[in-house]
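Have a look at the structure below, then the notes.
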Amino acid sequence: RKTINETKEKKLQDKLHLLEAKIEELEIESSVAKKNPSFAKEHAQLSRHLTELQRKHKEFRQLLLGNHLPSVSLPHSLLTAGPECSFINLQ
1 RKTINETKEK KLQDKLHLLE AKIEELEIES SVAKKNPSFA KEHAQLSRHL
51 TELQRKHKEF RQLLLGNHLP SVSLPHSLLT AGPECSFINL Q
């Protein structure tokens with residue numbers, strides 16, 4: 001029983017150390033963001049760009065897998081004729 005309690009205590013101490021490290025990391029990020037106001041702006045811009053790339057990837061994957069086309073209209077770049085369209089025509 002003593003070893004079980006020691007094991008639990010060790011796990012809780014490890015968890016506490018991890019949480020303290022995470023708090024310290026967040027405090028450092030916060031101080032950097034305060035010193036560099038463009039950081040938040042750049043982060044928001046990169047986040048929007050990532051979301052857009054993920055959306056395009058999903059559409060492209062749907063095209064490759066032959067799923068039904070999305071109900072929204074496709075971007076003009078996907079509608080232009082070219083070698084990449086031959087794959088779609090083969091399906």
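Residue 1 is where the sequence shown starts when you use the working numbering, and the numbers rise one by one after that.
Ideal Cβ positions, reconstructed from N, Cα and C, are used throughout, including at glycine.
These numbers were taken from a predicted model, which means no experiment stands behind them.
The Cβ atoms of alanine 33 and alanine 44 lie no closer than 9 Å to each other.
Taking the CA atoms as reference points, glycine 66 sits about 10 Å from phenylalanine 60. Secondary structure note for arginine 61: its alpha helix (DSSP H) is the uninterrupted segment 38-65.
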